[in-house]
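Heads up: the structure comes next, in structure tokens.
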Amino acid sequence: MKDLLREDTIAAIGTPIGKGAIGIVRISGKEALPILKSLFRRKSGKETKEFEERKMYYGVVVDRFGEPIDEVLAVYMKAPRSFTGEDVVEIHSHGGIVVVRQILREVLSLGARLAEPGEFTMRAFLNGKIDLTQAEAINQLIEAKSELSAKVALRQLEGSLSRKIRELRDFILETKAYIEAAVDFPEEEVEIIESGKVKERLLEAVGRIEEVIKTYREGRLIREGIKVAIVGKPNVGKSSLLNALLQEERAIVTEIPGTTRDVIEETVTFKGLPLRLIDTAGIRQAEDRVERIGIEKSLEKLKEADVVLFLIDGSEGFTEEDGEILERIEEKKKVILVINKADLELKFRCRDAKELRLERCVEISAKKGEGIEKLAELITELVMLEPETVLGGDEVVITSERHKELLERAEESLKRALKTLESGVESPEFLSMDIDDALGALGEIVGEVTTEDMYDIIFSRFCIGK
Ligand SMILES: Nc1nc2c(ncn2[C@@H]2O[C@H](COP(=O)(O)OP(=O)(O)OP(=O)(O)O)[C@@H](O)[C@H]2O)c(=O)[nH]1
Ligand SMILES: [Mg+2]
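The sequence shown begins at 474 in this note's numbering and counts up one residue at a time.
So, in structure tokens, the structure goes:
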């Protein structure tokens, strides 16, 4: 590991590069205030000797020749009452690509170093301002593509996951104390351990960990969105349905079968939840090479999807071709049968669909936009996600693979301890070792136990300036 907490002063542009009303250069470290003093002038041209903390100063930033670069607002946040826990300065200038960069260049020439991605947040973590789950939540909040994902990230930033993990650790630590008592008082050892108390507690800890792990599936869907593939034979109205869900004419719709050849992906949010819609080429025995490649892709998307909208043209009925496509869908559980063109007379309806053994069915008219809301509801129901409860409740939802893996490691260690216990403990030290493993894994989640590759795994994924 690089020596993570360095003494030097870092700086970066904290706002996106491009046209904008405001651009912000951020500086953190011992030199932050001296740098501000060197380049900040009052409008009158006077220097400011003392900056009060947490107060906005209006003035200009000048370059090394005393030439003004821009009018700015500057603020100084004194350590440790800042995001990083160090002295922090922010200079707010006009946005745009030139001025912000010029200011950054001056700051760097005065002794700051360009920050690496996530370095501000990493300093906040290393200085004990936030724990690791909170650091990760910041990135998730920035990357959030839906309200729900932002909400879950914010809750984690506020410490919900940290609390949960600490509760678990305390509970396991208490359990360990029972075992240690047994080691210290060997006469009572058998009694203590066989009393069932330890076993009971270990089982409970495993159960609690499993509860948290279970939320990962939900968490992943919230973060990445639900992948919804729209499949069916040509001309049943797949692209029309995509457009209806998006409420815009995104895909080309014609009466010619084989119109869509490439995969089209677009995201909409439904009740704050991202749906990643995938319109595909109609599946049939195609002569055309381009169309055949498109169909191959359709079949791939079918496999990856969380939900498959299997579309048929209800005015035509359920045809042999439809049956062949349905056979190719392996996981019937994730299928919603969508009977389209309900504005015309339907030859096949949901009530006729019983023998297809599909649990969910809806009749819609993509052209008229009817039944679309109901369909969206079926989609969230199928993945068992109720946006209202996730939005409203305050249960912890884990969204990170890292958290899931560490929780699984903790669970395995505890299960190992249970096995040792069942086979009759020769020496309770073995039990303690497994329990320590579990505690170590939980400690890694919040960052109390740090590992070599932590920077690469977590902070390097952040953007520069965060
Ligand atoms: N009456 C009626 N016509 C529809 C409806 N939905 C789609 N259509 C018509 O069906 C034809 C095919 O629609 P598309 O959306 O292009 O069908 P597709 O499944 O994407 O077709 P391919 O891309 O060729 O596989 C067009 O003429 C649409 O106007 C509907 O709900 N009612
Ligand atoms: Mg199409």
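No residue lacks a Cβ here, since even glycine has one placed at the ideal position from N, Cα and C.
For residue i, the three-state DSSP class (helix, strand or coil)
i           : result
residue 896 : coil
residue 496 : strand
residue 723 : coil
residue 555 : coil
residue 868 : coil
residue 907 : helix
residue 940 : Here the chain covers residues 474 to 939 and nothing more, so residue 940 does not appear.
residue 541 : strand
residue 580 : helix
residue 935 : coil
residue 474 : For residue 474, the predicted model reports a pLDDT of 38, less than 50, meaning its position is unreliable; a value from the coordinates is still stated below. Residue state, collapsed to three classes: coil.
residue 770 : helix
residue 703 : strand
residue 969 : Residue 969 lies beyond the stretch modelled for the chain, which goes from 474 to 939, so this question has no answer here.
residue 884 : helix
residue 833 : strand
residue 635 : helix
residue 502 : coil
residue 480 : coil
residue 921 : coil
Residue i, enclosing alpha helix (DSSP H) - first and last residue
i           : result
residue 749 : No alpha helix (DSSP H) contains residue 749, which is instead part of the beta strand (DSSP E) from 746-752.
residue 585 : No alpha helix (DSSP H) contains residue 585, which DSSP labels as neither H nor E.
residue 685 : 670-697
residue 628 : 620-630
residue 739 : Careful: residue 739 lies outside any alpha helix (DSSP H), inside the beta strand (DSSP E) at 737-743.
residue 596 : 592-599
residue 611 : 605-616
residue 930 : 927-930
Terminal residues of the beta strand (DSSP E) in which residue i lies
i           : result
residue 566 : 561-567
residue 852 : First-last for residue 852: 845-855, but that is the alpha helix (DSSP H), not the beta strand (DSSP E).
residue 486 : 483-486
Check: residue i C-beta below 8 Å from any heavy atom of ligand 1
i           : result
residue 828 : no
residue 726 : yes
residue 688 : no
residue 501 : no
residue 845 : no
residue 751 : no
residue 730 : yes
residue 820 : no
residue 612 : no
residue 839 : yes
residue 888 : no
residue 816 : yes
residue 706 : yes
residue 782 : no
residue 813 : yes
residue 566 : no
residue 788 : yes
Ligand 2 heavy atom lying under 8 Å from the CB of residue i
i           : result
residue 914 : no
residue 771 : no
residue 711 : yes
residue 543 : no
residue 945 : It is not possible to answer for residue 945, since the shown part of the chain is limited to 474 through 939.
residue 754 : yes
residue 733 : yes
is_contact[residue i, chain B] using C-beta, thresh 9 Å
i           : result
residue 653 : Among the protein chains of the structure shown there is no chain B, as only one such chain exists.
### Query
At what residue ranges does the region 505-534 contain a whole run of the alpha helix (DSSP H), taking only runs of 4 or more?
505-512
### Task
With a floor of 4 residues, list each alpha helix (DSSP H) that falls wholly inside the region 772-831, ordered by position along the chain.
793-801
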